[in-house]
Amino acid sequence: MVLIILLTISMIIAFLIGIRQKDVCCYLIVCMSSFLFAFVVMCIVFLLLKFNGHAELIFPDEMLYVNDSTSQLFFSRYVQFFDEYFSLDVVRWINITLFNISLAFLASEISSYLYGRVRLFCSLLAITGTIVGGYWAFFILKEAFSVAALSMLIVAYIRKSKVFFVFASCLLFFARPELLLLYIAITIAFYFKRKNTRLYYFAVITSMVCFILFMNSEYSYSIKLFTLSRRFGESEFEFDDVAITTSNLSFFPFIMSEPFRQAIMTNINSTFNPFLDLNPLVVVQRLYNIIGFYIFLTCIKPYLMKDKLYSFAFIVLLGVLFTHSVYRYFNTILIPFSLYFLFLKSRGLNKGSYK
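Residues in the sequence shown are numbered consecutively from 1, following the UniProt record's numbering.
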């Protein structure tokens, strides 16, 4: 009941915010669709009917954030603070509100640059994104903050707004600091590109060499091990002898090994195969990954290493695909970036100014 009351207040606030958006119609449709999904599907079906009004922790990450008192993660401390002094429903409320408003804000921003069928497709894609991401936002997970951070980062990039960039950076630092560091590194590289092309390519080559050296070092062992431990699926997570032995290999023998090939095939299957689990919501989530990834692939030639945000998304998407078998991570990236890829295709930024 508390969650429903809080979400009602958020919906009213979101409506008032929408009056000042670039594409008011798109913002309100996306935002209200998202709140409708939260009320009908998540609050009524999940919270009231499935959990009898008391939401349970069902994901391992939720249990980590709530119960692991030794965790040094910012998000974990934030969750435990609200759990101790208020309720986990407050965390869910913040997740859902932040997700809904930020995605609607991004959809409005992108839609204002589009026309005709592309504009309609953008709205439909954003509405589908509210279903895909709205599910994850209900649980005690980082996904809502990640989508909000990436959405605001895209808006900041398009508008060249320092205010939005600072806000997005704070959200990223809170939820995914590794992505913030990657974006800063890419920003520095593109600064070199504008000032000195030779220095830019030197930075790119140096980064690749450093990455290979890192993967050859003992510090990469845990990354390799966790990647291989899921090669038979998330449900069969195991640190077996083959995974342990293969994780000790240097970079090139590692990526050419049979266990790594198995891990990649499992990751691809888990991320994109809509028939792996015939739960209707899961089917939609994986179909969204297929659609978003297809749009992403059509942008590689004109925008890779030419557009800063696309290059950032390229590294993140491939990094997730090579190391994780959890399809929600791909959902998290593609929900905001699918809209940005549409923006790129419509604006022709390979010759534009957003670099």
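Just so it is clear, CB atoms sit at the ideal spot from N, CA and C, and this is done for glycine as well.
Quick one: Cα of S33 to Cα of A185, how far? Distance between the alpha carbons of S33 and A185: 36 Å.
Close beta carbons around V2, own chain, < 6 Å, minus the five adjacent residues each side: So the list reads D89, once near-sequence residues are dropped.
Cβ distance (whole Å) where L47 is taken to contact A55 below 8 Å: So it is a contact: roughly 6 Å between Cβ atoms.
DSSP on L276, reduced to helix/strand/coil? Coil at L276, not helix or strand.
According to the Cβ coordinates, are D23 and S111 closer than 7 Å? In terms of Cβ geometry, D23 and S111 form a close pair [threshold 7 Å].
Would DSSP call R117 helix, strand or coil? Helix, per DSSP.
Apart from the five residues just before and just after F314, which ones in its own chain have a Cβ nearer than 7 Å to its Cβ? Only L304 meet the Cβ criterion.
Suppose contacts are defined by Cβ-Cβ distances below 7 Å. Is F175 in contact with F75 by that definition? Before going further, note that residue 175 is Ala rather than Phe in the sequence given. Yes. Within cutoff.
Take S353 and list the residues in its own chain whose beta-carbon comes closer than 8 Å to its own, dropping the five residues that flank it on each side. Its pLDDT being 43, under 50, S353 is placed unreliably in this model, and the coordinates cannot settle the point.
Within a Cβ cutoff of 6 Å, which residues of the same chain sit near A168, ignoring the five residues on either side of it in sequence? Counting only Cβ-Cβ distances below 6 Å, and skipping sequence neighbours, we find A149, M152, L153 and A156.
In chain order, which alpha helix (DSSP H) runs of at least 4 residues are fully inside the stretch 305-338? Counting whole runs of 4 or more residues, the stretch 305-338 contains the alpha helix (DSSP H) stretches 308-323.
Going by DSSP in three states, L57 sits in which element: helix, strand or coil? Reduced to three states, the DSSP call for L57 is coil.
Thinking just about the alpha-carbon of each residue, which of P274, S222 and E143 is nearest to the one in L334? Between L334 and the set P274, S222 and E143, the nearest pair of CA atoms involves E143.
Can you give the beta carbon distance from V284 to I131, rounded, assuming they're within the 8 Å contact cut? Contact between V284 and I131 is confirmed by a C-beta separation of about 6 Å, below the 8 Å threshold.
Taking the alpha helix (DSSP H) that L6 falls in, what are its first and last residues? Where L6 is concerned, the enclosing alpha helix (DSSP H) stretches over V2 to G18.
Identify which residue in V45, F237, G134 and L179 has its Cα closest to the Cα of N331. Considering only alpha carbons, the answer is G134.
Three-state secondary structure (DSSP) at S87? Coil at S87, not helix or strand.
Report the rounded CA-to-CA distance for N350 versus A107, giving the unit in angstroms. Legend: pLDDT at N350 = 39, less than 50; position of this residue unreliable, no value from coordinates given.
Would you give the residue range spanned by the alpha helix (DSSP H) that I300 belongs to? Secondary structure note for I300: its alpha helix (DSSP H) is the uninterrupted segment I300 to Y303.
Would you report the Cα separation of I13 and V320, rounded to the nearest angstrom? Cα to Cα, I13 sits roughly 35 Å from V320.
Is it true that the stretch 290-305 meets the stretch 338-345, where meeting means three or more beta-carbon pairs spaced less than 8 Å apart? In short, these stretches touch, since the Cβ pair count reaches three.
Please report the distance separating the alpha-carbon of R198 from that of Y183. Computed Cα separation, rounded: 21 Å.
By the three-class DSSP mapping on this structure, what secondary structure does Q72 have? The three-state secondary structure of Q72, taken from DSSP, is coil.
For the putative contact between R286 and W136, defined by C-beta atoms under 8 Å, what is the C-beta separation to the nearest angstrom? Wrong, their Cβ atoms sit about 14 Å apart, outside the cutoff.
At the level of alpha carbons, what is the spacing between K355 and L309? In this prediction, K355 has a pLDDT of 47, which is less than 50 and means its spatial position is unreliable; what the coordinates show is noted afterwards. If I take the Cα positions, the gap works out to 8 Å.
Taking its Cβ as the centre, do 16 or more other Cβ atoms sit within 10 Å of L181, making it buried, or is it exposed? Classification for L181: exposed.
DSSP state of D241 mapped onto helix, strand, coil: Three-state result, D241: helix.
How close, in whole Å, do the beta carbons of L103 and A126 come, if the pair is a contact with beta carbons under 8 Å? A Cβ-Cβ separation of about 6 Å places L103 in contact with A126 under the 8 Å criterion.
If we ignore side chains and look at the alpha-carbon of each, how far apart do Y200 and N269 end up? Straight through space, the alpha carbons of N269 and Y200 are spaced by roughly 36 Å.
Tell me the DSSP secondary structure of N52 in three-state form. It is coil, neither helix nor strand.
Grab me the residues of L172's own chain with a C-beta within less than 6 Å of its C-beta, minus the 5 sequence neighbours each way, in chain order. If you ignore the 5 residues before and after L172, its C-beta comes within less than 6 Å of the C-beta of A149, L179 and L180, all in its own chain and listed in chain order.
Counting C-beta neighbours from all protein chains within 10 Å, is the total for S217 16 or more, i.e. buried, or is it exposed? Result: exposed.
Would you report the Cα separation of F105 and F15, rounded to the nearest angstrom? Roughly 11 Å separates the two Cα atoms.
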